[in-house]
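Single-structure report; data block below.
In UniProt numbering, the protein residues as written are 1 to 174.
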């Protein structure tokens, strides 16, 4: 669910993307026959809208999780010696390169405080930075119930969270 600001931003972006450039209109007009009725105009506009919407739904790099990287690292380290496994565990998580500035700040704070085994930080507000989805798995959560775990994360991100509409938080013990 998106807030009104996020919805307005998304609608504005879709409308801007739906308006073809002058060169694009010339190409479309040159290739397509002129419509003989309003029904043809409607179907052409609908096809443009469909093309624009499907293009905007393309998977962005920020939707990929670090979990996949961790799984491949775990598979590689399980085939090697136990010394290599302990080295990769102590090295911590590798920060993804597709995080924006706000996601990066959240990532840094959580890694510094919790030394997580798994961490996913994602702007789920549609790009305006008003809501984030965070999945974190850390040994520091052992012995704490889910509410206590989430309060621990809220304490670390408290000043940042004052600027957000919401947070989707999933915590777990590895």
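From the three backbone atoms N, C-alpha and C, an ideal C-beta is built for every residue, glycine too.
For this session: Classify residue 158 as helix, strand or coil using the three-state DSSP reduction.
Result: helix
Problem set entry | Nearest-angstrom beta carbon gap, residue 117 and residue 137 [assumed within contact, 8 angstroms] | 5 angstroms
Problem set entry | Proximity winner among 122, 126, 14, 163, relative to residue 170 (alpha-carbon distances) | 122
For this session: Could you give the DSSP three-state label for residue 4: helix, strand or coil?
Result: helix
Exercise. How many Å lie between residue 174 and residue 115 at the Cα?
Worked result: 12 angstroms
For this session: State the DSSP-derived secondary structure class of residue 111, mapped to helix, strand or coil.
Result: helix
Exercise. How long is the line joining the alpha carbons of residue 144 and residue 8, rounded to whole angstroms?
Worked result: 40 angstroms
For this session: Going by CA-CA distance only, name the one from 154, 140, 101 that's closest to residue 128.
Result: 101
Problem set entry | Coarse secondary structure for residue 165, derived from DSSP in three states | coil
Problem set entry | DSSP-derived helix/strand/coil call for residue 170 | strand
Problem set entry | Identity of the residues DSSP links to residue 121 by a beta bridge | 134
For this session: Go through its chain and collect everything with a Cβ distance to residue 166's Cβ below 6 angstroms, but skip five positions before and after it.
Result: 131
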